[in-house]
Amino acid sequence: MQELDRRRLIAAKQHLLTRAVSSSTPSSTPPATRASSRLRAPQNHQAAELKSQQQQQPSLPEPLLDLLIALPPLLDANNPPLPQDTLQLLFAHPPLSDLETLLPALAPIVASNLRTWALGLARIAHPSTNPSFLHRHIASLPTTLSSWLSDLATAEIDLSAHRLRSLAALTSLLHAASNALSLLVRALEVKHGVVARSLELRATEVALHARRYDADASIAAASVRRAVYTPESIAALKNYGVHLRDARMRGDERIRNLTAELGEYGVGVEGGESKEKKMKEMARVYRDMMRQMDDVGNDLDRLNKG
């Protein structure tokens, strides 16, 4: 466990050093500015920090700037390690060859960036503190972070306990609701069970009566059919059907004969209109002659009676 803590401490130090060196390059944004913008610090304090950073960066010598640009990729643990010959070549030429010479000038810059990061963390930990007094809380940051982690772990444990108690209470509530529904069903059965069974029996009785009436109706219909349609009636109906078919055949034959006779008189035949007119005229004359003969006969009857 101690070895794990030691390795964690080494990794944290390396990460902080890498970030501090990376943030020291002129292309990087000052971390204090980012932290102050997130925490809504006073605008005049942000402007002062930004101005001081901008004033410090151009005053850096060129070898130190080259060193600040070359060091971050080498210190980043996420980058793959370079071959040994490449490392030897890099450390044989400036600015890495002048690392020992530039370290006295690099240390204050890294320390300033670390202090700026620490001030940002202190501002997060104590947002209501005056920015001028934030440096007093830098030394207590590990204690504050440890306390926060402890409080977070305690809160997570309490939250898990509350969740378990809520689940237990919900289970008890569901069990009570199930028991209440069971008791309600039993009460309804006790109160309305007799009436329901009586209605069921009466419905069964009505269904049996309906079946019996249906059977009686079927038997009565069969009896009526047997009484009405006796063998003699069936034979008579068959004979009557044969007679009707014969009469229909005779009627069809009579219609065909009359149609043929009318055709001889030009009725219903193409080109027989003149013959048809002549026959109609003869029929009219015949009707007139018959009417005149009736009139003459009536006159003779009156004369004989007189």
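Here the sequence shown is numbered in UniProt numbering, starting from 1 and rising by one per residue. Ideal Cβ placement from N, Cα and C applies to all residues, glycine included. Only a predicted model underlies this, so the values are computations on that prediction, with no experimental measurement involved.
Pairwise C-alpha distance: residue j and residue i
{"i": "Leu141", "j": "Leu121", "result": "8 Å"}
{"i": "Tyr213", "j": "Arg245", "result": "42 Å"}
{"i": "Ala125", "j": "Ala139", "result": "12 Å"}
{"i": "His65", "j": "Leu96", "result": "For clarity, residue 65 is Leu in the given sequence; the question names His instead. If I take the Cα positions, the gap works out to 11 Å."}
{"i": "Ala92", "j": "Ile109", "result": "24 Å"}
{"i": "His175", "j": "Leu181", "result": "10 Å"}
{"i": "Tyr229", "j": "Glu281", "result": "56 Å"}
{"i": "His162", "j": "Leu173", "result": "16 Å"}
{"i": "Pro231", "j": "Ile219", "result": "19 Å"}
{"i": "Arg38", "j": "Asn179", "result": "Caution is warranted here: a pLDDT of 41 is assigned to Arg38, below 50, making its placement in the model unreliable, and the coordinate value is therefore given only provisionally. Cα-Cα distance, rounded: 55 Å."}
{"i": "Lys275", "j": "Leu262", "result": "11 Å"}
{"i": "Tyr286", "j": "Lys277", "result": "14 Å"}
{"i": "Leu82", "j": "Gln88", "result": "10 Å"}
{"i": "Val242", "j": "Ile255", "result": "20 Å"}
{"i": "Ala107", "j": "Thr116", "result": "14 Å"}
{"i": "Leu201", "j": "Arg225", "result": "36 Å"}
{"i": "Asp2", "j": "Arg136", "result": "Asp is not the amino acid found at residue 2; the sequence shown has Gln there. Rounded to whole angstroms, Gln2 to Arg136 spans 30 Å at the Cα level."}
{"i": "Arg250", "j": "Lys305", "result": "48 Å"}
{"i": "Leu167", "j": "Leu183", "result": "24 Å"}
{"i": "Asp76", "j": "Thr86", "result": "16 Å"}
{"i": "Ala222", "j": "Ala215", "result": "11 Å"}
{"i": "Glu273", "j": "Ala283", "result": "15 Å"}
Assigned exposure category for residue i - 16 Cβ within 10 Å defines buried
{"i": "Pro127", "result": "exposed"}
{"i": "Arg6", "result": "exposed"}
{"i": "Ala118", "result": "buried"}
{"i": "Pro131", "result": "buried"}
{"i": "Leu102", "result": "buried"}
{"i": "Ala11", "result": "exposed"}
Beta-carbon gap between residue i and residue j smaller than 9 Å
{"i": "Leu90", "j": "Leu67", "result": "no"}
{"i": "Pro72", "j": "Asp98", "result": "no"}
{"i": "Arg123", "j": "Leu134", "result": "yes"}
{"i": "Pro61", "j": "Ala111", "result": "no"}
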